[in-house]
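Numbering (our numbering), first residue to last: 145 to 792. For every residue, glycine included, the Cβ atom is placed at its ideal position computed from N, Cα and C. Given the structure is predicted, the values throughout are model-derived calculations rather than measurements. Each remark here refers to the structure printed beneath this line.
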């Protein structure tokens, strides 16, 4: 079921890459970088703080990560077994779409905290100019397609459904239990792309996931840590206890084998019958049965009516690179493009990597873009001024209001307007903070097809409920709507009216799966989890690659900075700012708050490890080391003989 909506010059010495498994890095010694010399004919070298290496690693900072090089295809995800599954499908003759299907279903098994089939997400696909199977309907001439397979509000959903008799939000009602569950879209999304653009059979694409669920897989520390986030739910849910706990209710440990027989049967049914098994067959009936028994809103009609939406991606340019990213109902792509549009008017390279002048410009771009998110929502329900917000003239108008050496008051920013309101109160009265427990995978194949996918249950293990005998963890996506527009919720955060709950509506999200191209094709594939920090996570990586000439590994591990208009503090990862830069920014009116690392920028760079390097036939991938279990896996690792594709 689907619907079409028309509508650094190099560093003189680089930090050594870890040769160990991502997430288990060996000790890396690094000294402050020497002065960077620009090569003859190259761009001027970026300015670096002479007393500070933002890519130095220590016991309290981000691990160094690993740059993986390979030929033909590359798969990057948050769980190495899922990456292995995608790479194996490429070796068997599948394309990037087949690999995406394999990775998506495998993550439901090996990364259930965020990848379970009870969620949904967004996907950006680059088909290439020579693809013989174009996009559907009005998108038939498009080389890049965006798919919305996000969860939808049930038909019985109402705007006040999480409020008490006094009209106040009921704590926990939108985040835990079956009333928090929206209609899932992951299966519909994976099936929609496989049917239209996949090469292999559904059975072949799903075989790795079925084997992982049926035979189990040995848990590593990262897996155990994620399972530990849902121990109370696992102990309370009778369907989860038998799979996810040891006898006696103790949590599984490193070295235990996790076998999910109920989930294996669900995957086998989908493999045989397709999405009908999930949306019209026994799986839907079981999910609706337990939802209604536990006070949820899901109905068989909600499942039967679900459809994915194919759309034109949001496109914007930055210094000659064309981004294809998420349009509304995502706020992520709009926010990313608006920030880049503002920053393109500054010489960021000359300002310098994480210097006070550069960071000040980034913060003001973030602040404006996040303020403007207030007018965004599901375009099927509200008018969304996307074109205006990403217009270069609007970006120029915003730059004209940005002071050189102090912070603009957040409360003065008016959504969709460049000029601030000088008579506004000192603090903003609204803003939204999403949960960050999401996952991302990025894929590139030998024919130039690329897939970037971000999908989620919202919180880890979603609403903390399992769908009966299906083995599926269900989302708490209803919490992504504005529970009570115009008034603060239990966290003191207020949502916008454009994101109010309505039947069949898609909640606003910051997910922004992104593909970057130039005239010759794909340059990079990237995306990240992180809730409202997703756009600034991607911004950090893009600025590192394009403006500061970092290689892919350096750009991914670069400590991040985040400001989102409201709440107002500037969050910084360990090592992002020197004490001197922090002192300057605080003197300019910014409140700097240290924050643990966030996001997982799963990334691929095509043909070179950094944008200034000579082109080659290799692909380069990095799994963000902020999460210990991820991996970049090449179809043909460097040094291996290229295998012949299997017969199709």
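- [ ] Name, in chain order, the residues that DSSP records as bridge partners for residue 395.
- [x] 389
Open item on the list: By DSSP's criteria, residue 481 is part of a beta bridge. Which residues make up the other side?
Closed with: None, per the DSSP bridge assignment.
Task: Span of the alpha helix (DSSP H) around residue 353 - done: 346-359
Open item on the list: Spatial neighbours of residue 223 within its chain, please: C-beta separation below 7 angstroms, excluding the five flanking residues on both sides.
Closed with: 251, 254, 255, 773, 774
TODO: Spell out a yes or no on whether the segment 294-308 and the segment 437-455 are touching, meaning 3 or more CB-CB pairs, one atom from each, closer than 8 angstroms.
DONE: yes
Open item on the list: Would residue 724 and residue 704 qualify as a contact pair, given that the criterion is a beta-carbon distance under 8 angstroms?
Closed with: no
- [ ] Please look up how many angstroms separate the CB atoms of residue 680 and residue 510, rounded, as I've assumed it's under 8 angstroms.
- [x] 6 angstroms
Task: Per DSSP, cross-strand counterpart(s) of residue 600 - done: 264, 582
Task: Assumed close pair residue 489, residue 539 - CB separation to whole angstroms, cut-off 8 angstroms - done: 7 angstroms
Task: Coil, strand or helix - residue 468 by DSSP - done: strand
Task: Span of the alpha helix (DSSP H) around residue 425 - done: First-last for residue 425: undefined, no H or E at that position.
- [ ] Would you mind giving the Cβ-Cβ distance between residue 589 and residue 239, rounded to the nearest angstrom? I have them listed as a contact below 8 angstroms.
- [x] 5 angstroms
Open item on the list: So, does the segment 653-660 touch the segment 520-537, judging by three or more C-beta pairs under 8 angstroms?
Closed with: no
Open item on the list: Given a cut-off of 8 angstroms on the beta-carbon distance, is the pair residue 249 and residue 334 in contact?
Closed with: yes
TODO: Output the distance between the C-alpha atoms of residue 324 and residue 482, rounded to the nearest integer angstrom.
DONE: 32 angstroms
TODO: State the Cα-Cα distance for the pair residue 799 and residue 258, rounded to the nearest angstrom.
DONE: Because the chain is modelled from 145 through 792, residue 799 falls outside the range shown and cannot be assessed.
Task: Local conformation of residue 217 per DSSP, three classes - done: strand
Open item on the list: According to DSSP, is residue 778 part of a helix, a strand, or is it coil?
Closed with: strand
Open item on the list: Relative to the C-alpha of residue 366, which candidate in 382, 750, 397, 665 has its C-alpha closest?
Closed with: 397
- [ ] Leaving aside the five residues before and after residue 651 along the sequence, list all residues of the same chain whose C-beta is less than 7 angstroms from its C-beta, in chain order.
- [x] 621, 624, 625, 643
TODO: Give the DSSP bridge partners of residue 644, in chain order.
DONE: 626
Open item on the list: Does residue 549 pass the burial test, meaning 16 or more other C-beta atoms within 10 Å, or should it be called exposed?
Closed with: exposed
Open item on the list: Going by DSSP in three states, residue 549 sits in which element: helix, strand or coil?
Closed with: coil
- [ ] Check whether the Cβ atoms of residue 673 and residue 582 sit closer than 8 angstroms, and answer yes or no.
- [x] yes
Open item on the list: Quick check on the DSSP output: the beta strand (DSSP E) that includes residue 766 runs from which residue to which?
Closed with: 763-766
Open item on the list: As a quick exercise: from 541, 608, 671, pick the residue whose alpha carbon is nearest that of residue 262.
Closed with: 608
Task: Cβ-Cβ distance between residue 344 and residue 779 below 8 angstroms - done: no
Task: For residue 547 and residue 434, the rounded distance between their alpha carbons - done: 56 angstroms
Open item on the list: Can you look up residue 594 in the DSSP assignment and give me helix, strand or coil?
Closed with: strand
TODO: Can you say whether residue 266 is buried or exposed, counting buried as having 16 or more other CB atoms within 10 angstroms of its CB?
DONE: buried
Open item on the list: Once the 5 residues before and after residue 635 are set aside, which same chain residues still bring their CB inside 6 angstroms of it?
Closed with: Bear in mind that the predicted position of residue 635 carries a pLDDT of just 35, short of 50, making it too unreliable to give a figure here.
TODO: Rank 508, 727, 342 by C-alpha distance to the C-alpha of residue 485 and give the top, closest one.
DONE: 508
Open item on the list: Going by C-alpha to C-alpha distance, which of 422, 264, 290, 288 sits closest to residue 409?
Closed with: 422
Task: Short Cβ contact (8 angstroms threshold) for residue 694 with residue 702 - done: yes
TODO: Following the continuous beta strand (DSSP E) through residue 738, name the residue where it begins and the one where it ends.
DONE: 736-738
TODO: From the DSSP output, read off the bridge partner residues of residue 293.
DONE: 265
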